[in-house]
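Each residue of the first sequence is one higher than the one before, counting from 21 in my numbering. The block underneath contains the structure these notes are about, expressed in structure tokens.
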Amino acid sequence: MSSYSITAARVTHPRAVRGHGSPAAFVAAVTGRRILDVRRRGKALLLLLDSGDSLLVRLGMSGRLQVHAPDDPLIPHTHVVLALDAGTELRFIDPRTFGGMAVVTGHDPAFMRELGHYGPEPLDDAFTPAVLAEILAGLRTNIQAVLMDQSKIAGIGKIYADEACFLAGISPLRSAGSLSPDEVTRLHAAIRQVLAHSIEVRGTSSKDAAYRDSGGEVGGFQHHLHVYQRAGLPCRVCGTPIEYRPIQGRRMHFCPHCQK
DNA sequence: AATGGGGCCTGAGAGC
DNA sequence: TGCTCTCAGGCCCCAT
21 MSSYSITAAR
31 VTHPRAVRGH
41 GSPAAFVAAV
51 TGRRILDVRR
61 RGKALLLLLD
71 SGDSLLVRLG
81 MSGRLQVHAP
91 DDPLIPHTHV
101 VLALDAGTEL
111 RFIDPRTFGG
121 MAVVTGHDPA
131 FMRELGHYGP
141 EPLDDAFTPA
151 VLAEILAGLR
161 TNIQAVLMDQ
171 SKIAGIGKIY
181 ADEACFLAGI
191 SPLRSAGSLS
201 PDEVTRLHAA
211 IRQVLAHSIE
221 VRGTSSKDAA
231 YRDSGGEVGG
241 FQHHLHVYQR
251 AGLPCRVCGT
261 PIEYRPIQGR
271 RMHFCPHCQK
């Protein structure tokens, strides 16, 4: 696989690089750098630079990273443009500006201040039911909140927390520490299943987030959702209306019949 | 250490 | 039709 160099960079919204410091410092840190490799840790994307640093990208709620020709019109809310020596541009587009970019020290996320505290990758072989049981043991917080806590397990947001609880047949209202060994095993399998399935169909493009891949294509997992954004609609398994309740500041989707 | 709450941000959708 | 209000959620910061 060929690698690309960043020949020029421009930042048109300072908030998009707030994790780094100033836009000028960001531009200086990426200009002229070769991208050696691309990795992922949780919801963070890492472009490994030949300076020994990494370009960390977080998409947040509404962020997109897209490849464009230089003369393509700018999509509204394009905040960072990286010109590549391939003659293309890597553009960061983010209406809600919850995402951002930063140049961070090193190539190994385990030693990064930003990612070092992250929990295990749920699709790794090392993530076993026993590991999950240890993470959940003694926690009084509800399961949904624990699944969304990046320091417990990396990479799960609200969509996949709600969907994993459904597939496991466990109410997201339950405290994490109250799960039986059998329920932990089911939740472990459900987390992996929902993530693997969503990756297979290239992610979830729900109505307001409008996720797109680097080519601008939408994903397909929104057609496979069981509970997320299905409030009031019949459960696909039993027909009971899906509930949608605010609990402790967060809203959870679940089937009151299938999830105990 | 664990836990909960507030704030950031824009577009979609509801209500009038 | 057009205004105002509410909500969505990832992640950081702060208080307890």
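Using N, Cα and C, we set each Cβ at its ideal position, and we do this for glycine too. Small disclaimer: the values here were computed from a predicted structure and weren't measured.
Between the alpha carbons of Lys227 and His246 lies a gap of roughly 15 Å.
In this structure, the beta-carbon distance from Met272 to Asp128 does not fall below 9 Å. Separation of Pro34 and Ala64 (C-alpha to C-alpha, rounded to the nearest whole angstrom) is 19 Å.
Pairwise C-beta distances place the segment 110-117 out of contact with the segment 255-270, as fewer than three of them are shorter than 8 Å. When the alpha-carbon of Thr148 is set against those of Ala209, Pro115, Tyr264, the nearest one is in Ala209. Per DSSP, Tyr24 lies in no alpha helix (DSSP H); the unbroken beta strand (DSSP E) holding it starts and ends at 24-31. For Pro254, the secondary structure class from DSSP, reduced to helix, strand or coil, is strand. Non-local C-beta neighbours of Asp70 in its own chain, meaning closer than 7 Å and more than five positions away in sequence, comprise Arg53, Arg54, Leu56, ordered along the chain.
Of the other Cβ atoms in all chains shown, fewer than 16 fall within 10 Å of the Cβ of Pro96; this residue is therefore exposed. When only Cα atoms are considered, Ala89 and Gly107 end up about 7 Å apart.
Bridge partners of Gln86 according to DSSP: Arg111.
When DSSP states are grouped into helix, strand and coil, Gly197 belongs to the helix group. The segment 183-203 and the segment 159-173 touch, with no fewer than 3 CB-CB distances between them shorter than 8 Å. Lys178 is positioned such that its CB atom lies closer than 9 Å to that of Tyr248. Judged by DSSP secondary structure, Leu76 falls within the beta strand (DSSP E) whose first and last residues are 74-78. Under the criterion of beta carbons closer than 8 Å, Val87 and Ser234 qualify as touching, at roughly 5 Å. A direct Cα-to-Cα measurement between Tyr24 and His217 gives close to 31 Å. CA-to-CA, the gap between Arg250 and Leu79 works out to about 24 Å.
With respect to the 9 Å criterion, Arg116 and Val124 are not classified as neighbours on the basis of their beta carbons.
Secondary structure at Thr205: helix, using DSSP grouped into helix, strand and coil. For Phe274, DSSP records a beta bridge to Glu263. Inclusion of Leu102 and Ile155 in the CB contact set at 9 Å is not warranted, their separation being larger than that value. Residue burial is scored here from C-beta neighbours: His137 has fewer than 16 other C-beta atoms within 10 angstroms and is therefore classed as exposed.
Judged by DSSP in its simplified three-state form, Ala122 adopts strand.
In this structure, the beta-carbon distance from Gly62 to Leu152 does not fall below 9 Å. For Val37, no beta strand (DSSP E) segment is defined, and its DSSP state is neither H nor E.
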